[in-house]
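Beneath this line is the structure, given in structure tokens, with notes to follow.
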Amino acid sequence: MAKEVLVTETLSQQMIDAGSILLKKLDEANADVKSAFWLFFSEEKTWKLILASPLVGSYGPREFYKKIVISNQQATDLDNIVSLNDIGVTNTDNQVVQLLSFAVGTGDVIAGIRFSRNTINGVFIEDSYIYRSNALLVS
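Counting from 254, one number per residue, gives the positions in the sequence shown under this note's numbering.
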């Protein structure tokens with residue numbers, strides 16, 4: 254049985270690998286993830302894996318979390334999984350999602366970009382690790 258990753262104040266390689274595995278499984282499940290990144294919340298001193306998909310807006314967060322649960326259940330004994338408590342889901346129009354897409358566009362690939370201590374349009378991003386950033390809304 255796969256084991257949950259311990260999310261701490263320091264972004265670990267285990268967290269990075271678990272996020273990548275989950276994103277691949279969600280891609281296989283056609284979850285339409287446009288942005289995926291670990292984001293550090295300095296007030297709580299913890300990381301959260303943020304997943305942005307238009308399906309969150311279409312079907313609601315509860316249905317999207319069901320996709321995550323199913324993807325986690327498909328993990329092998331060697332895989333680490335991210336607990337639902339450490340995952341946040343949002344629509345693609347979320348402000349941070351849009352800002353990261355503006356600053357760091359990756360396309361649909363799974364990248365590995367550390368983005369730390371940067372300000373985008375007046376919003377300070379303490380620390381993040383970006384897998385995918387492809388949610389820029391065109392107006």
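Yeah, the Cβ is synthetic: ideal placement off N, Cα and C, and Gly gets one too.
Notebook entry, point to check: So what does DSSP say about glycine 341, is it helix, strand or coil?
Noted result: strand
Item checked: Supposed contact pair valine 342 and proline 314 - C-beta distance, whole angstroms, cut 8 Å -> 5 Å
Notebook entry, point to check: Does the beta carbon of threonine 329 come closer than 9 Å to any beta carbon on chain C?
Noted result: In the structure shown, chain C cannot be found, because there is only a single protein chain.
Next item on the list: Assign serine 392 to one of three DSSP states: helix, strand, or coil.
Entry: Note that serine 392 scores a pLDDT of 46, beneath 50, so its modelled location is shaky and nothing firm can be said.
Next item on the list: Assess, as a yes-or-no matter, whether the stretch 267–275 is touched by the stretch 346–361 under the definition of 3 or more beta carbon pairs within less than 8 Å.
Entry: no
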